[in-house]
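**Student:** If you scroll down you'll find the structure; I have some questions about it.
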Amino acid sequence: MNFIVVGVIAPIAYFLIRMLVKRLVQNFILNAKKNSKVAEVQECQKCGVFKSIDDLTEKDNTFICKNNCSK
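According to our numbering, the stretch in the sequence shown is residues -14 to 56, in order.
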């Protein structure tokens, strides 16, 4: 009887608990990323200032300021 508990049930329980915890952690990380209010920034290739993506225009795979470039 001990062999069945230790050899069969315990590994199955370990696997199921590990899978559940892994799924919970992954969901927590994904939700934290989705709810993040951090803005994505890029460097202006003309003036070198880091600005929000909303304030930059992409031309030929380079980002430049939309208005009032510092250079």
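Virtual Cβ for every residue (Gly too), placed ideally from N, Cα, C.
1) Quick check on this structure: which residue in V6, I38, K51 has the alpha carbon closest to the alpha carbon of A24?
2) Spatial neighbours of V51 within its chain, please: C-beta separation below 7 Å, excluding the five flanking residues on both sides.
3) Check this for me: beta carbons of T47 and Q30, under 7 Å apart or not?
4) Exposed or buried, what is K36 when buried is set at 16 or more other beta-carbons lying within 10 Å of its beta-carbon?
**Tutor:** Put simply:
1) Taking the sequence shown and counting its residues from 1, one reaches residue 24 at position 39. Residue I38 is the option with its Cα nearest to A24.
2) Here residue 51 is taken as the residue at index 66 of the sequence shown, counted from 1. One detail in the question is off: residue 51 reads as Lys in this sequence, not Val. D40, L41, T42, listed in sequence order.
3) What you label residue 47 is simply residue 62 of the sequence shown in a count that begins at 1. What you label residue 30 is simply residue 45 of the sequence shown in a count that begins at 1. Contact flag set, yes.
4) Locating residue 36 in the sequence shown gives position 51, where the first residue counts as 1. Under this definition K36 is a buried residue.
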